[in-house]
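Numbered per my numbering, the sequence shown spans residues 62 to 310. Just so you know, even glycine gets a beta-carbon here, dropped at the ideal spot from N, CA and C.
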Amino acid sequence: MRQYIIGNWKMNGTKTDAKQLATTFVKRVSEANRPLPHIVLCPSHPYLMAVAEILKDSPLEVGAQDCHPENKGSFTGDVGAFQLKDIGCQYVLVGHSERRQHHHETNELIRRKLEAAIKEGLRPVLCLGESAEERAQGKTFDTISKQLLAALPSDVMPQDFLIAYEPLWAIGTGLTPTRAEVEETMGFIKHELSTHTTGGALVPILYGGSVTGRNAPAFLSLPHLDGLLVGGASLKVDEFWDIINASVR
Ligand code: 13P
């Protein structure tokens, strides 16, 4: 499967920064002389349109960082999947741990967001991951399984969505699981998907958490890994480009 490299810019930068990053990557991709992975940029909401405009005739794609489960209505400050699709988004992150934590998002709400995104023709990236405490208590698989099964749509079409495994303790800390741990967790997620759904074994599974230009090659060469979800390093042109170039398929 062709790998995915997704940059989550979170709440960083200005409009000028966003446009510059997008323009630079379009140029680099147009000059690349090797097969590239799927590349998705996820700016914060105010910059989505500007970035979507810059990427529109390129192979790069644009994603949002969140959506509301309803398409319209009295939801002040929220943005619906329908509106994201309308301005040219192809992807949306759902259930990122920073939303689960700071906005108290439940698995039930995340399932509704996932379904809304799929219904509107976006590809949601369902984020899963255990906290340091859950890991210390040996509850990693239990936590991931609960998050996954509670959010899974009833009819899974593998092309409908992606999964990103992002352990909370690895996000922005410089800490990462070992390759063997990532491989084991990927295998577990694939097993859960194939046990509980038809077609789920083909859902792409990404890793995220303190990915850098240095550690990306080791992760991307794992047989079960379909890509990376990158935070901080996706804001640095050369480092993100190194990560893109570390893709192996
Ligand atoms: P970092 O790559 O900065 O650790 O962030 C990971 C992340 O949360 C991506 O969604």
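So does residue i have its beta carbon nearer than 8 Å to some heavy atom of the ligand 13P?
i: residue 251; result: no
i: residue 233; result: yes
i: residue 71; result: yes
i: residue 225; result: yes
i: residue 141; result: no
i: residue 159; result: yes
i: residue 128; result: no
i: residue 188; result: yes
i: residue 271; result: yes
i: residue 292; result: yes
i: residue 97; result: no
i: residue 154; result: yes
Just to confirm my understanding: we take residue i, look at its own chain, exclude 5 residues before and 5 after, and list those with CB closer than 6 Å. What are they?
i: residue 126; result: 103 and 154
i: residue 130; result: 173, 174 and 177
i: residue 207; result: none
i: residue 307; result: 277, 278 and 281
i: residue 179; result: 221
i: residue 72; result: 105
Can you tell which of the options has the C-alpha that lies nearest to the C-alpha of residue i?
i: residue 274; options: 295, 222, 256 and 265; result: 295
i: residue 74; options: 67, 83 and 66; result: 83
i: residue 182; options: 302, 143 and 193; result: 143
i: residue 63; options: 285, 151 and 303; result: 285
i: residue 191; options: 243, 135 and 170; result: 243
i: residue 221; options: 184, 263 and 69; result: 184
i: residue 245; options: 168, 293, 209 and 202; result: 202
i: residue 118; options: 96, 86, 105 and 133; result: 86
i: residue 70; options: 200, 257 and 233; result: 233
i: residue 158; options: 297, 101, 91 and 204; result: 204
Would a C-beta distance cut-off of 9 Å place residue i and residue j closer than the cut-off?
i: residue 235; j: residue 251; result: no
i: residue 281; j: residue 289; result: yes
i: residue 141; j: residue 109; result: no
i: residue 145; j: residue 120; result: no
i: residue 224; j: residue 66; result: no
i: residue 210; j: residue 187; result: no
Output needed for residue i: all residues of its chain with C-beta closer than 8 Å, excluding positions within five of it in sequence on either side, in chain order.
i: residue 196; result: 228 and 230
i: residue 247; result: 226, 266, 268, 283, 285 and 286
i: residue 258; result: 213 and 217
i: residue 299; result: 274
i: residue 151; result: 101, 122, 123, 124, 183 and 184
Run through DSSP, which three-state label would residue i get?
i: residue 129; result: strand
i: residue 155; result: strand
i: residue 93; result: coil
i: residue 184; result: strand
i: residue 285; result: coil
i: residue 223; result: strand
i: residue 69; result: strand
i: residue 266; result: strand
Once you ignore the five residues that flank residue i on each side, which residues in its own chain have a CB closer than 7 Å to its CB?
i: residue 160; result: 127 and 166
i: residue 237; result: 231, 270, 271 and 276
i: residue 254; result: 261, 262 and 264
i: residue 111; result: 76, 79 and 80
i: residue 302; result: 89
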